[in-house]
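Number of protein chains: 2
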Amino acid sequence: MPYFDAASSVPLHPVARQALQASLDEGWADPARLHREGRRARLLLDAAREAAAEAVGCRPDELFFTPSGTHALHSGISGALAGRRRVGRHLTVSAVEHSAVLHCAESWRADGGTVTEAGVDRHGAVDAAEFAAHLRADTALACLQSANHEVGTLQPVAEAAAACREAGVPLLVDAAQSLGWEAVPGDWSLLAASAHKWGGPAGVGLLAVRKGVRFAPRGPADERESGRSPGFENIPAVVAAAASLRAVRAEAAAEDARLRELVDRIRARVPQLVPDVEVVGDPVRRLPHLVTFSCLYVDGETLLHELDREGFSVSSGSSCTSSTLTPSHVLRAMGVLSEGNVRVSLPAGTRAEEVERFLGVLPGVVAGVRERLGAPASAGSAGSAGSAGSAAEGDVAGAGQGSPLTVDAVGRLCPVPVIELAKVIGDVPVGGTVRVLADDEAARLDIPAWCAMRGQEYAGEPEPGVYLVRRKV
Amino acid sequence: MPYFDAASSVPLHPVARQALQASLDEGWADPARLHREGRRARLLLDAAREAAAEAVGCRPDELFFTPSGTHALHSGISGALAGRRRVGRHLTVSAVEHSAVLHCAESWRADGGTVTEAGVDRHGAVDAAEFAAHLRADTALACLQSANHEVGTLQPVAEAAAACREAGVPLLVDAAQSLGWEAVPGDWSLLAASAHKWGGPAGVGLLAVRKGVRFAPRGPADERESGRSPGFENIPAVVAAAASLRAVRAEAAAEDARLRELVDRIRARVPQLVPDVEVVGDPVRRLPHLVTFSCLYVDGETLLHELDREGFSVSSGSSCTSSTLTPSHVLRAMGVLSEGNVRVSLPAGTRAEEVERFLGVLPGVVAGVRERLGAPASAGSAGSAGSAGSAAEGDVAGAGQGSPLTVDAVGRLCPVPVIELAKVIGDVPVGGTVRVLADDEAARLDIPAWCAMRGQEYAGEPEPGVYLVRRKV
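Chains as they are written, first to last, in my numbering: chain G, 2 to 474; chain H, 2 to 474.
So this is what it looks like as structure tokens:
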């Protein structure tokens, strides 16, 4: 049963399992104690710290273990901001950071700080020069991911780090998605990562804080991990995390080449096999194992369920698959379609046959979902009048001269508003306008994206929930 | 090799190991995902929550997993304080709480809150009526441990909880030391505990927040654990924690009886076997497996090392064994001797022969440490003139009429100041005074404690670091 959601979490690497089991017997005691069990635990902890630091590319005394990548980000960001509070209260982040970073930014803003977000291009890539332009005299910290977790695009961390050094601003790199593949390049100041992303156990994050970076830990004092991370040390897990990081790094070059080819196959063939699909993310500067695409006229949750029934585990940034019913902020920042979104992230060891099976199953699954939703038939034809189902199926009104044709999709979740739009676009003359009324948050992203994919003109949102589309073709 | 430091951490319980290994294969995925691996992880997490909630005595939706007991305390205290900020900013705690609680209190005070501490008696017990007297109209939260981690004394949590209900103040119980033995009695509002204390793995704390308790999680938003605990769920560890809690509870009654008898043996025999020892903590209302005693004229760190060489792992609240060189705040609050302090906490399964071996080894070890320190010979004789080594060994001055005899122990660590005091007390007449100059923090505790043990009068500290002792016998 192929599991294609490696970017969420991967099964324990065999080396992690072995190290975990071995250190359960040796690493359970309190490493602060003077007795032999404590000293043994301390030795394991020190050795794990050295191994992890080497893989990160920092000194062991710059590397701290936290209970998760989220904790590493929370502690790293709050500690760096507090350490530089005399400099100022400005934080800059990219718009496509992980929600853990963006939630820190929200919390910082709520506490009276200032936050600016560097935007991204349609591939989800930050522009290093634009990122640098966000650095100000009062900037306490800048945050940039090494690679995007939803679309796989690599970010220009080395260039951003150089610009930050130049400006005297520390750069925190969220390396959660890339650390298993390679060390983060460049002269960064802080780094955060998460072991379960590379095959280590849950319960371990890494926080690196370079010597010389001003850092003031927040929250109640705790002497563990040099005051950077409170709570009893989870030594067996930390040992397993460090051992597996070394192990996956040893396999990284070969797996990178293998998975990169499989992802290229998916990137090339999905648009051939499935009509009305947008493959997103940078095709070249990307993580080796991750590809994301969105399917017009498809409900992401149903798509995930159908793929799951076929044995494929994938993830989605569609709004209907999130508890908040909002589409992924990454897709939003990129300005790409969010409906029918599928993220395929291949774990190490994925076989070509599994990918082929996926490619074999996907077209039928998408077609089935579309059929049940009453979606327009296929690409190219959606723009031609009369082809896309009868207008009677939509709540269409005022198609006459003078007032624009209106599609009322209030209360309907995506992809319904876009489907209804596609059904009626042929009913207005070229140059004519369709008004779509929709209160699903995703419409704001998907209606413009549909226009871009279909060559129609998105004419704006004159009032919230009212979208204007002008027929061009 | 007997390990007698169960109150710090215990080896993994066989049931925990079994559950951990089994769930490594099933519990590595993100339980928020819709695919089968995610659903499987979610099932394990839900089952663990139910099992843990049952053992805690709360509803599953009142129970949250955190990365450690420290995190449970930090989140529980900060969340409860924030949830009741309109009521007021007063926090009350006992003086003998775990440092994780006291550090929260310090941090709260630094943020502008008010903190009061309920004192304890010489056994380390909080008086429920005194605790209740700390509850005020502006009290946002009260914290009380179920049992003390250093001396084993049980606290009156049920009575304190009743008083808190009466006053409309939530009570948070730190149940770290007792939860493996029994559910916390009474109508508490919040509870925190730590799995590695009962034989669960590191990396798991429990936070219970009863429905109806106002709670506002602090820090950046995170949807995991109902917003109570950020970070990727550590499901294998959580499963192991819950399973082992049930397992140790099933064995608790029998182990309680067995270990209680062994501790009674230590409590009775140590004072018979070793001169000048004070056994501290409540002899009856106590944890079954824990006993603490302090040895006059002994340096705690050396004692620990010597016991370690003999194969016994224990812990100590003496100042010389802490990184801050301050004696345990628990011993200080109790007003008992801190020098030569030993905490013996027996893990489940400890055999009577191991305790007997310990009792066989201890007298020689203590005598050896005392001999090397040049300590006075033995109990009873220390007060009689001329018996306790020659005054020439101490830095003694002004023994004549008029000005009091002075012992200059500045720059010397405990137990040296007390040893020097004991050596010269016989040189002053009954009714005469010795002045001890000492800058070791522990002297403030140990000189009065020595006086109480020796029947001499402690006449105060007229200026910092100057202690007056009047000879009575």
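Glycine included, every Cβ here is placed at the ideal spot set by N, Cα and C.
Quick check on DSSP: helix, strand or coil for residue i?
| i | result |
| --- | --- |
| Ala56(G) | helix |
| Ala392(G) | With a pLDDT of 41 at Ala392(G), under the threshold of 50, the modelled position of that residue is not reliable, and the figure given next carries that caveat. Reduced to three states, the DSSP call for Ala392(G) is helix. |
| Gly401(G) | Annotation note: pLDDT 47 at Gly401(G) (below 50); position unreliable, no value reported. |
| Phe216(G) | coil |
| Leu44(G) | helix |
| Val1(H) | Any question about residue 1(H) goes unanswered here, given that chain H covers just 2 to 474. |
| His290(G) | coil |
| Arg494(H) | Because residue 494(H) is not part of the residues shown, which for chain H are 2 to 474, the question remains open. |
| Asp62(H) | helix |
| Arg37(H) | helix |
| Val278(G) | strand |
| Glu311(G) | coil |
| Glu262(H) | helix |
| Asp447(G) | helix |
| Gly387(H) | Note that Gly387(H) has pLDDT 37, beneath the 50 cutoff, so the model's placement of it is unreliable and the number below is only indicative. Here Gly387(H) sits in coil by DSSP. |
| Arg344(H) | strand |
| His124(G) | coil |
| His306(G) | helix |
| Asp257(H) | helix |
| Gln22(H) | helix |
| Thr67(G) | strand |
Please identify the residue among the options whose C-alpha is closest to the C-alpha of residue i.
| i | options | result |
| --- | --- | --- |
| Glu51(G) | Leu246(G), His330(G) and Ser108(G) | Leu246(G) |
| Arg472(H) | Pro348(H), Met454(H), Pro430(H) and Gly461(H) | Pro430(H) |
| Ala53(H) | Arg250(H), Val264(H) and Phe359(H) | Arg250(H) |
| Thr140(G) | Ile78(G), Arg373(G), Ala443(G) and Ala42(G) | Ile78(G) |
| Arg219(H) | Val210(H), Ser230(H), Gly213(H) and Glu151(H) | Ser230(H) |
| Val210(H) | Arg85(H), Gln457(H) and Leu173(H) | Leu173(H) |
| Ala148(G) | His135(G), Thr117(G), Ala164(G) and Ala184(G) | Ala184(G) |
| Arg1(G) | Ser195(G), Phe313(G), Val356(G) and Ile448(G) | Since the first residue of chain G shown is 2 and the last is 474, residue 1(G) is not available in this structure. |
| Pro237(H) | Val16(H), Arg34(H), Trp29(H) and Gly461(H) | Trp29(H) |
| Val278(H) | Leu192(H), Arg371(H) and Thr322(H) | Arg371(H) |
| Asp257(H) | Ala222(H), His290(H) and Gly365(H) | His290(H) |
| Ala133(G) | Glu151(G), Ala159(G) and Ala248(G) | Ala159(G) |
| Ser227(G) | Leu21(G), Ala33(G), Ser295(G) and Ala423(G) | Ala33(G) |
| Ala129(H) | Thr293(H), Ala119(H) and Cys321(H) | Ala119(H) |
| Gly466(H) | Ala453(H), Leu338(H), Glu442(H) and Val337(H) | Glu442(H) |
So which residues of chain H does residue i contact, with C-beta pairs closer than 7 angstroms?
| i | result |
| --- | --- |
| Tyr468(G) | Going along chain H, no residue has its Cβ under 7 angstroms from Tyr468(G), so there is no contact; the nearest lies around 29 angstroms. |
| Pro12(G) | Trp29 |
| Leu477(G) | Because chain G is modelled from 2 through 474, residue 477(G) falls outside the range shown and cannot be assessed. |
| Thr322(G) | Leu35 |
| Ser314(G) | His36, Arg37 and Glu38 |
In chain H, which residues lie with their C-beta within 8 angstroms of the C-beta of residue i?
| i | result |
| --- | --- |
| Asp257(G) | Chain H residues near Asp257(G): none, gap ~22 angstroms exceeds 8 angstroms. |
| Glu107(G) | Pro221 and Ala222 |
| Asp62(G) | Going along chain H, no residue has its Cβ under 8 angstroms from Asp62(G), so there is no contact; the nearest lies around 16 angstroms. |
| His306(G) | Leu35 |
| Pro68(G) | Pro68, Ser69, His72, Gly204, Gly232 and Asn235 |
Taking 7 angstroms as the cut-off, is the CB of residue i close to at least one heavy atom of the ligand ATP?
| i | result |
| --- | --- |
| Leu142(H) | No copy of the ligand ATP occurs in the structure displayed, which carries no ligand at all. |
Kindly list, in the order they appear in chain H, the residues whose Cβ is closer than 9 angstroms to that of residue i.
| i | result |
| --- | --- |
| Asp6(G) | Ala30, Asp31, Arg34, His36, Glu38 and Gly39 |
| Glu302(G) | Leu35 |
| Ser329(G) | The contacting residues do not exist; Ser329(G) stays about 14 angstroms from chain H at best. |
Since residue i meets chain G, which of its residues come closer than 8 angstroms, beta carbon to beta carbon?
| i | result |
| --- | --- |
| Asp309(H) | Leu35, His36 and Arg37 |
Who are residue i's beta bridge partners in DSSP?
| i | result |
| --- | --- |
| Glu513(G) | Missing from the structure shown is residue 513(G); chain G here goes from 2 to 474 and no further. |
| Leu1(G) | The question about residue 1(G) has no answer, for chain G in this structure spans 2 to 474. |
| Gln146(H) | Asp175(H) |
| Ser316(H) | Arg344(H) |
Along chain G, which residues have their Cβ under 9 angstroms away from the Cβ of residue i?
| i | result |
| --- | --- |
| Gly80(H) | In chain order: nothing, as chain G lies at least about 13 angstroms away. |
| Pro416(H) | Within 9 angstroms Cβ-Cβ: nothing; Pro416(H) doesn't reach chain G, min ~17 angstroms. |
| Ser319(H) | Within chain G, no residue comes near Ser319(H); the closest Cβ sits about 11 angstroms away, beyond 9 angstroms. |
Using the beta-carbon of each residue, which ones in chain G are nearer than 7 angstroms to residue i?
| i | result |
| --- | --- |
| Pro348(H) | Here the premise fails: no neighbours, minimum Cβ distance about 11 angstroms. |
| Thr117(H) | The contacting residues do not exist; Thr117(H) stays about 18 angstroms from chain G at best. |
> Listed from N- to C-terminal order along the chain, which residues in the segment 210 to 237 of chain G have their beta-carbon within a distance smaller than 9 angstroms of any beta-carbon of chain H?
Replying inline: Arg219, Gly220, Pro221, Ala222, Asp223, Glu224, Arg225, Pro231, Gly232, Phe233, Glu234, Asn235, Ile236 and Pro237
> Just by C-beta distance, which residues in the segment 136 to 163 of chain H are closer than 8 angstroms to chain G?
Replying inline: none
> Going along the segment 85 to 114 of chain G in order, which residues come within less than 8 angstroms of chain H, judged by CB to CB distance?
Replying inline: Ala101, His104, Cys105, Glu107 and Ser108
>> Please identify, using Cβ separations under 9 angstroms, the residues of the segment 260 to 288 of chain G that lie next to chain H, in order along the chain.
In response: none
> Closer than 9 angstroms, Cβ to any Cβ of chain H: which residues of the segment 161 to 195 of chain G, in chain order?
Replying inline: Ser195
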